[in-house]
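> After the structure tokens below, expect a handful of questions from me.
Numbering (the numbering used here), first residue to last: 63 to 138.
Structure (structure tokens):
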């Protein structure tokens with residue numbers, strides 16, 4: 063029987079699964095900058111409850127560039 067998945071992995075998978083519902087770039091949906099993972103997803107297509115859940119998982123709305131970003135999953 064495999065060991066349970068670590069919380070950080072399950073949070074990442076849940077977040078990416080949610081974000082994949084409204085991508086803005088299906089070829090290159092991510093890019094990185096120092097300590098930040100950016101996800102190219104249409105933040106306006108998500109409900110406030112989905113935004114809250116994504117924020118709890120570590121993905122925040124990028125109000126300056128659109129989409130979402132994560133310091134939790136983008137930091138070394």
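Backbone N, C-alpha and C fix where the C-beta goes; we use that ideal spot for every residue, glycine too.
What you are looking at is a predicted structure, and each value in this text was computed from that prediction instead of being measured.
Please work out which residues of its chain come closer than 8 Å, Cβ to Cβ, to residue 139, disregarding the five sequence neighbours upstream and downstream, and give them in chain order.
Residue 139 lies beyond the residue range present for the chain, which begins at 63 and ends at 138; the question has no answer from this structure.
> With distance defined between alpha-carbon atoms, name the residue in 64, 69, 65 and 89 nearest to residue 118.
For the purposes of this step, residue 118 is taken as the residue at position 56 of the chain shown. Comparing Cα-Cα distances from residue 118 to each of 64, 69, 65 and 89, the minimum goes to 69.
> Measuring only the C-alpha atoms, how far is residue 63 from residue 116?
As a position in the chain shown, residue 63 is number 1, starting the count at 1. As a position in the chain shown, residue 116 is number 54, starting the count at 1. Taking the straight line from one Cα to the other gives about 30 Å.
> Under DSSP, the beta strand (DSSP E) around residue 99 begins and ends at which residues?
What you label residue 99 is simply residue 37 of the chain shown in a count that begins at 1. Residues 98-101.
> For residue 82, is the classification buried or exposed, using 16 other Cβ atoms within 10 angstroms of its Cβ as the cut-off for buried?
One-based indexing of the chain shown puts residue 82 at position 20. Per the 10 Å Cβ criterion, exposed.
> Cβ-heavy atom distance between residue 93 and the ligand ATP below 8 Å?
The model on display carries no ligand, and the ligand ATP is accordingly not part of it.
> For residue 73, which residues from the same chain have a beta carbon less than 7 Å from its beta carbon, with the 5 sequence-adjacent residues on both sides left out?
One-based indexing of the chain shown puts residue 73 at position 11. Answer for residue 73: 119 and 120, listed in chain order.
> Going by the DSSP bridge assignment, what does residue 135 pair with across the sheet?
Taking the chain shown and counting its residues from 1, the one referred to as residue 135 is at position 73. In the DSSP output, where bridge partners are listed per residue, residue 135 has none listed.
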